[in-house]
Structures are given as structure tokens and as C-alpha cells.
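Counting from 2, one number per residue, gives the positions in the sequence shown under the working numbering.
Read the structure below first, then the notes.
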Amino acid sequence: MPSSLDEVKEALKAISLGQTQLMSAVETVSRHVAELEKSQDEGRQRSGVAGTDGVKRTVTPLAGGITPSPSATLPAEAGTQTPPVVPQSPELKSAFSSRVVLTTYPKQIGIKPLPLEWGAADPLQRGPVTVSRVPSTIGKRNAIGAHGGSYSIYYALAVASRELKSDHRPDFTNTEPAVNIGPFPQWGDEKKIVAMDPWGHLANDVIVDLRPTIAITKAHMKLPELEESVKSGRLVPDGKVCLNNLGELSVTKFAVEPVWYLPGVAERFGIDEGTLRRSLFEHTGGMYPEVTAASTSGFFSSGLTVYCFGDPANMSDPSKKLALRIHDELLLQKLTRTQYLVYNARKRGEDRASDYFKRTENIAGVKDMRFQALMPDILHWLGITKIDRMLSMSNSSETGNADGPSHSIPIHERVELPESWIPADSRVEIDAKINAGLLQCFRPVSASFLTQVFPAGYFTTGHRMTEEELKSVQGRIWEE
């Protein structure tokens with residue numbers, strides 16, 4: 002029996018090898034055919050035989066004296082026949098394989114995904130997140146999606162228009178991070194980081210030569226508000242963070258592409274993984290059939306950016322004080338069209354604080370779609386274990402504890418937005434959110450954690466309005 006099993010295994014290996022060789026032969030033949038077609042097209046162009054279809058077109062002057070070109074004049078039979086297939090240019094056809102690979106799946110012939118163990122503390126044991134569909138990696142990829150999020154569309158356009166070679170491989174010489182980050186124990190916890198690749202900034206050095214999903218650089222930042230603060234004496238330049246009398250700041254910038262570990266994301270939201278996968282498949286236009294099988298996914302998300310003022314090493318040092326402000330790109334990335342529709346509905350109505358959430362829910366279907374459950378991942382990646390000053394009034398980034406204390410980051414002090422910084426027309430939003438909040442005043446650190454929560458509310462140490470008072474808070478109309 003063992004010998005028979007060994008013979009079967011050897012036969013399967015031989016079949017697999019034969020299939021691989023066959024695929025290689027087909028690719029070679031396809032390239033030769035493309036080259037032959039290209040040479041034939043060039044020959045026809047040189048002989049002057051190009052573009053004649055045997056249809057005689059008449060040109061009729063228009064009333065305005067403009068004569069349409071023959072190419073713009075429709076033949077009499079237009080719309081009654083199946084249009085001829087427009088051939089691709091040889092240059093474009095040579096950029097792609099003749100065989101379109103719609104999906105790949107494990108145990109498919111020629112497909113052997115690179116090993117990936119999410120949550121492993123050793124980057125070599127964890128393995129690379131491989132998403133590229135170029136010929137050298139399409140058989141090895143272990144994730145789906147596209148680098149660059151929504152900007153991958155422009156990458157595709159650049160390749161299609163031959164502005165960019167399809168086989169272009171970036172030269173990452175001298176692009177390594179401007180500062181060292183980690184590794185931290187949180188990187189090896191599959192429950193604490195599920196929405197980004199903690200090793201994404203070291204892809205070239207530690208794992209394999211792949212495109213990084215995290216980039217880190219240094220920059221100077223100039224803000225008019227800080228220049229005014231320096232002039233008024235409220236901010237004194239120290240030459241390290243605030244560099245000069247113009248209020249120019251020295252910052253470290255982090256740009257992060259999303260990488261979702263779907264089992265962890267489903268657990269974070271308390272939903273079934275199969276339901277999450279099906280919903281992602283349906284609501285991304287069905288563009289990724291593999292989402293029903295692959296364990297890791299990167300999608301067309303906007304990603305995130307971190308600005309660090311001061312020494313980045315201090316963020317993970319418990320002996321240093323850390324001030325933090327968390328904000329989302331909701332208006333620009335997630336709900337742009339919807340948000341403008343909400344603005345229109347508010348301004349054409351009475352725009353009262355008492356109806357603020359109703360207007361949003363009528364159009365978007367929910368009060369808040371920011372999903373702060375994935376927000377703490379970047380903080381864990383930075384090695385942050387406590388927050389001394391949290392500059393936020395929103396309890397959606399602070400309350401709740403669905404994952405237990407292991408996911409929580411204690412907050413020592415909450416800082417409200419100064420009244421003088423709130424424009425008059427923003428009172429509708431601020432007062433509505435304060436009234437909907439779960440906190441009326443700051444709670445002690447033992448009861449305050451930065452975790453996941455879904456209610457949209459603001460905290461305040463001051464007065465919380467009644468329903469009747471909210472009705473009196475009204476925004477400006479367009480004419481004002």
C-alpha cells in the first residue's frame with residue numbers, strides 16, 4: 002500500500018510539472034504570435050494599406066458652415082450591424098499575458114502562496130503579505146487587493162496608456178524609514194493589530210523585495226495658527242520642535258496603507274467571518290472572488306497618516322508625557338458625496354441641533370460610519386501604552402471595552418475644544434454631539450480606555466442641553 006501511495010504522489014508531481022511546462026510553452030508561443038502580429042501591422046503600414054473598410058461616406062456641410070470629418074460621419078447601416086472588434090495595438094497586447102487570470106486559489110496548478118502566519122513576532126516567521134499580480138508573484142501571492150488603494154486606478158491607467166512599463170520594478174535604494182520604529186510586543190499580538198501590516202515599513206530589508214505598505218519620512222510644517230501663537234507669545238520656539246519665530250515645526254510623518262487580516266477584523270467587530278467576506282465581495286462590486294477564501298486582504302481604503310512632533314522614540318516611553326489627537330478623513334474620503342447631501346438637507350431645512358443626527362441617518366442610513374474599532378491599531382504599532390493628554394471631545398474614540406483590557410490604552414486627561422475656537426455655524430454639530438454623548442464630565446483613568454465603540458457622542462465638563470434647548474440652536478442659511 003505505501004508503495005502504491007508513493008507512486009500516486011510521483012504521478013501527481015509529474016502531472017504538475019507537465020502542466021507548468023505546458024503553461025510556459027503557451028506563454029512563449031503567445032509572445033511569438035504577438036511579435037508576428039506586430040511585424041505584420043508594421044508591414045501593412047509601410048505599404049500604405051491601413052484604415053480602408055470599403056464604406057463610401059458622404060460629407061454634408063452643416064448649417065453653421067462646419068464640415069464634419071469623414072471619420073465622424075455615420076454610414077447608412079449604422080446601428081443595424083454588429084460593430085467590428087477593434088484590435089488592440091501590438092504594444093499594448095505585449096504588455097499583458099494572452100491568458101487572463103481571473104482568480105487564483107490554493108492547490109491550483111502553478112499556484113503556491115508564500116507562507117503567512119499573522120501575529121508572529123519574528124518577521125521571517127510571519128512572512129510577507131504578497132498582493133501583486135505581476136508574473137513573478139501572481140503564483141506566490143497570499144493576499145488580494147491593490148497597492149495604493151483607490152490610486153491603483155491611476156497606476157492601471159498609466160500602464161494602459163504606456164506611460165509606465167507593466168514590468169516596472171521600483172528602485173527602493175535610500176528609501177528606508179527616516180527613523181526607527183519598533184519592533185514592539187504589540188506587533189506579535191494578532192488581536193491588537195488587524196488593519197495594517199506592522200512589518201510593512203521593513204518589507205525590503207527584513208522580508209523580501211516587495212512594495213512597502215508603510216513609509217516614514219521627516220519634514221517641516223508651517224501653520225498660520227502656530228505663527229500667530231508665536232507672535233502672541235503663547236508659543237515659544239525651542240529650536241527642536243518649534244524651530245523659529247514663524248512657528249515652523251519639525252515633524253516625522255508616517256503614511257500607512259491598510260492591510261486587513263479578515264479573521265481578526267471580523268472578531269474585532271463581533272461578526273461572523275463568512276458574513277464579513279460575503280459583504281466585502283458584494284459591496285466591492287464582486288471584483289475580488291478570492292475574498293471568500295484568502296485570509297488577508299487589502300482593499301481600496303484611504304489609509305492613514307501620522308504626524309509626530311518631537312522624538313518618535315518618546316511615544317513608546319512610559320516615562321514621557323504623550324499628547325494625542327485622533328481625527329478621521331470622513332468628509333474627504335468616506336462620505337464626501339453623502340456629507341454634501343446632508344449639508345443640503347440641513348440648509349434647506351431649519352438646521353437645528355435637535356435634528357442633526359436625523360438628517361445624517363435619513364441619507365446615510367446610520368448616524369456614524371467611521372468605525373473606530375480599527376483606530377487603535379496604529380497606536381499599538383507605535384508602541385503607545387498610555388495617553389497623558391487626549392485632545393478630543395468625541396467619546397467614540399474613548400469609551401466601551403468590547404475586547405477586554407488587553408486592547409485598551411489608558412487616558413489620563415481629556416482636553417475639550419476651547420469655546421473661542423468653535424465657529425458660530427458649528428454649534429449645531431457640537432451641541433448635538435454633546436447631547437448624544439455618554440459622558441458629561443471626565444471620568445477617572447480606571448474607567449477610561451481608548452478602545453472600540455460605535456455611538457457618536459461628545460463629552461463636556463460644562464452644560465448639556467435639554468431637547469428644548471437644542472431646538473433653539475440653529476445654523477445659518479445659505480443666504481447668510
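Quick reminder that beta carbons are idealized off the backbone N, C-alpha and C, glycines included.
Examine the ligand FMN and report whether any of its heavy atoms sits within less than 7 Å of the Cβ of residue i.
i    : result
I217 : For the ligand FMN, the structure offers nothing, since it holds no ligand at all.
In this structure, does DSSP put residue i in helix, strand or coil?
i    : result
T59  : At T59, the pLDDT of 42 sits below 50, so the modelled position is not reliable and the matter cannot be decided from this model.
A122 : coil
W261 : strand
S320 : coil
T1   : Since the first and last residues shown for the chain are 2 and 481, residue 1 lies out of range.
I487 : Outside the displayed span of the chain (2 to 481) sits residue 487, for which this structure offers no information.
P178 : coil
K434 : helix
Y308 : strand
K192 : coil
T1   : Summary: the structure shown does not reach residue 1, with the chain confined to residues 2 through 481, and so no result is reported for it.
F173 : coil
T386 : coil
V231 : helix
P186 : helix
L159 : Note that residue 159 is Ala in the sequence shown, not Leu. Reduced to three states, the DSSP call for A159 is helix.
R353 : strand
P419 : coil
S151 : helix
L392 : strand
A144 : strand
A448 : In this predicted model, A448 has a pLDDT of only 30, less than 50, meaning its place in the structure is not dependable; the value taken from the coordinates is given anyway. It is helical.
T339 : helix
T253 : strand
G287 : coil
L325 : strand
P136 : coil
I110 : coil
P129 : coil
P313 : helix
P411 : strand
G65  : Residue placement at G65 is flagged as unreliable, the pLDDT there being 40, under the threshold of 50; the coordinate-derived value follows with that caveat. The answer is coil: DSSP assigns G65 none of H, G, I, E or B.
On a Cα-Cα basis, can you pick out the residue from the options that is closest to residue i?
i    : options                : result
I327 : R269, M391, R428, R163 : M391
S133 : Y155, L165, R170       : R170
Y341 : T361, G234, D356, G271 : T361
L380 : S280, R235, A144, Y308 : Y308
A365 : V343, G287, D352       : V343
D172 : G248, L277, R212       : R212
I410 : I385, K434, M394       : I385
D378 : P186, V102, V474       : P186
A425 : V242, V474, A161, P114 : V474
K434 : N363, D356, H413, I412 : D356
V102 : D123, V135, E118       : V135
Tell me the rounded alpha-carbon separation between residue i and residue j.
i    : j    : result
I423 : V231 : 21 Å
I388 : L325 : 7 Å
G149 : P319 : 34 Å
C196 : L224 : Residue identity differs from the one stated: residue 196 is Ala in this sequence, not Cys. Cα to Cα, the separation comes out at about 31 Å.
R415 : F358 : 24 Å
Y156 : T339 : 27 Å
E11  : E177 : 45 Å
I194 : L375 : 8 Å
G350 : E420 : 26 Å
G265 : P313 : 28 Å
A144 : N436 : 43 Å
L418 : E226 : 15 Å
K219 : S251 : 8 Å
K321 : P116 : 39 Å
N246 : G240 : 10 Å
D273 : R279 : 10 Å
L323 : R127 : 31 Å
N345 : V130 : 43 Å
W188 : E430 : 37 Å
W261 : S233 : 46 Å
R100 : S167 : 16 Å
E228 : T285 : 44 Å
Y146 : Y289 : The identity of residue 146 in the sequence shown is Gly, whereas the question assumes Tyr. Going by the C-alpha atoms only, they are around 7 Å apart.
W200 : L263 : 17 Å
R353 : Q373 : 26 Å
V160 : G311 : 40 Å
Assuming residue i and residue j are in contact, meaning their beta carbons sit under 8 Å apart, how far apart are those beta carbons, in whole angstroms?
i    : j    : result
L383 : S427 : L383 to S427, Cβ: 30 Å. No contact.
I217 : V180 : 6 Å
E291 : T104 : 5 Å
V257 : L305 : 5 Å
L277 : A267 : 4 Å
G120 : D7   : Actually they do not touch by this definition, with Cβ atoms about 36 Å apart.
D432 : M394 : Incorrect: roughly 11 Å between the Cβ atoms, too far for contact.
Exercise. Would the region 127 to 142 and the region 103 to 119 be scored as touching if the rule is three or more Cβ pairs under 8 Å?
Worked result: yes
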